[in-house]
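Written out below as structure tokens is the structure these notes cover.
In our numbering, the protein residues as written are 1 to 557.
Right under this line is the structure:
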């Protein structure tokens, strides 16, 4: 009972903090105010170790979104994890440490203190991925940790590079930073947000408990890279064409993988990956405020999608196959309705939260001077998003399964229902409320009638293609099944590249230390080897002399 009260207490505290943060965010936006807090931790002579916190309407709004989702996840976990006796103080404290690390990353304009939250969220997520003690969870956690640490190297090098400017406060410099430092920060953000070629860790992280997946894949770990680039957006002053192409390819790759996937959590994770590609592409296209708008709205309906999926998974006796989801609409109408709302919000259905951000991004894309290739990839990715969403709706509503045993008491769990209800309200109304309050939807966009209808036509074509796709004989496509579902063989490419790199380093390792060979240490090695040779020559000559003396004595006798 104490554990459940502890869950309720922290959930209530985070919910109250979320309401306070959104009020401060609107107040700061209306008054155009910012607050900078500098805390001197250590002061020794001329050395000062400071921790800086920067509060503006963007950071406060994102903190409010993270806290409301975290409160719902904690309340949801009090029953979801408690049913199987996995609910413990360890799980709660890990989630709270994860939230704290994300808060430190959000409010910090200092790259060194930002690294504290960045590394903290990565390490705690590693602990949460293998929360269930199994070999699959251990391997998934190892892959998640290694890929994220690969990106952290770029951030650490950027910290050392930024020290040449005299401070690590990246928001307050007027001069242009070094080009290569930006490249390192972008690579770090790509690893955290799972863009190509670092996308393989995100589906593997589904080994974590479902509430953790809801928190990680909606508003915390995977969005940290996007948020960092939003903060750096005013300094991004170079050609972004190739980054837009990479983001578009990430959208297409994840959408194709979701079309051939039958694991419920992996489908939702791949949909998260496609939306991250949309955010990255819109950010590099120059739409930083629209990217932040979609970041907040996506967090709401994606957390709802994961929590509904968690109820389905428990309802189907830990089975994550969507082909067994047929009777759920009959046995669990409330949860299925919430699941459908989150799905159609993901598609960008008009007058839901996803519509206000996604439609605005699409119209700004259409009105901008973009390449025809980017234009084509963007609209194809939009139709693929609708395609795999309609496929998921089909399997959850219309694909009837008769031999599936179910737990009929799960719909009576009140706290899980209440947490989902609040997220349904946010998924329905948060987009229009944020658009009205922040005045992001007042941009005048002049489009022709055909281009205006192009988005609607792509959605309709996605629905039609999904219905035709369900009629295709899957046995005829088995040659392409493994290639598409394996994320375009990305893991094999990475393994081959690392193998070649290791062989090159092992073969030419002596070329890397030529300074030691021809320097003082090499001279000392040369003198030692010459001394050994002379000593060996002297010993050999003494042996020859003794043998000659013995031969002479023998002959004389």
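Glycine included, every Cβ here is placed at the ideal spot set by N, Cα and C.
Check	Outcome
Where does residue 371 fall in DSSP's three states?	coil
Kindly indicate the opening and closing residues of the alpha helix (DSSP H) around residue 254.	241-259
Quick one: is residue 49 buried, meaning 16 or more other Cβ sit within 10 Å of its Cβ, or exposed?	exposed
Ordered along the chain, which non-local residues of its own chain (more than five positions away) have a Cβ less than 7 Å from that of residue 453?	none
Kindly indicate the opening and closing residues of the alpha helix (DSSP H) around residue 562.	This structure cannot speak to residue 562, because the chain is shown only from 1 to 557.
Please say whether residue 272 and residue 341 have beta carbons closer to each other than 8 Å?	no
Give me, in chain order, the residues of the same chain whose beta-carbon lies closer than 7 Å to that of residue 217; leave out the 5 immediate sequence neighbours on both sides.	269, 272, 302, 306
I think residue 105 touches residue 224, with their Cβ atoms under 8 Å apart; what is that distance to the nearest whole Å?	6 Å
Assign residue 12 to buried or exposed, taking buried as 16 or more other Cβ atoms, counted over all protein chains shown, within 10 Å of its Cβ.	exposed
Given a cut-off of 8 Å, decide if residue 36 and residue 54 are closer than it, judged by their beta-carbon atoms.	yes
Rounded C-beta distance between residue 64 and residue 25? I'm assuming under 8 Å.	6 Å
Going by beta-carbon coordinates alone, are residue 367 and residue 461 separated by less than 8 Å?	no
Report the residue from 532, 240, 39, 392 whose alpha carbon sits nearest the alpha carbon of residue 283.	240
Quick one, which of 380, 397, 445 has its alpha-carbon nearest residue 458's?	380
Looking only at its chain, what residues have a beta carbon closer than 6 Å to the beta carbon of residue 99, apart from the 5 residues adjacent to it on each side?	70
Return the bridge partner residues of residue 38 from the DSSP annotation.	52
On the premise that residue 304 lies in contact with residue 338, defined as a C-beta separation below 8 Å, what is that separation, rounded to the nearest angstrom?	6 Å
For residue 249, count the other beta carbons within 10 Å of its own beta carbon; 16 or more makes it buried, fewer makes it exposed. Which is it?	buried
Nearest-angstrom Cα distance between residue 44 and residue 34?	30 Å
Per the DSSP calculation, residue 263 is bridged to which residue(s)?	321
Would you check if the stretch 251-259 and the stretch 317-325 touch, i.e. whether three or more CB-CB distances between them fall below 8 Å?	no
Just tell me which of 52, 420, 456 has its CA closest to the CA of residue 75.	420
Using only CA atoms, which one of 294, 424, 274, 394 lies nearest to residue 335?	424
Could you name the residues of the same chain whose beta carbon sits closer than 6 Å to that of residue 145, not counting the 5 residues immediately before and after it, in chain order?	126
Going by C-alpha distance, which of 133, 376, 322, 231 is nearest residue 245?	376
What does DSSP give as the partner residue(s) for residue 110 in the beta ladder?	169
Quick one: using the 10 Å Cβ neighbour count with 16 as the cut-off for buried, is residue 526 buried or exposed?	exposed
Take the Cβ of residue 333 as the centre, count every other Cβ of all protein chains shown within 10 Å, and call the residue buried at 16 or more, exposed below.	exposed
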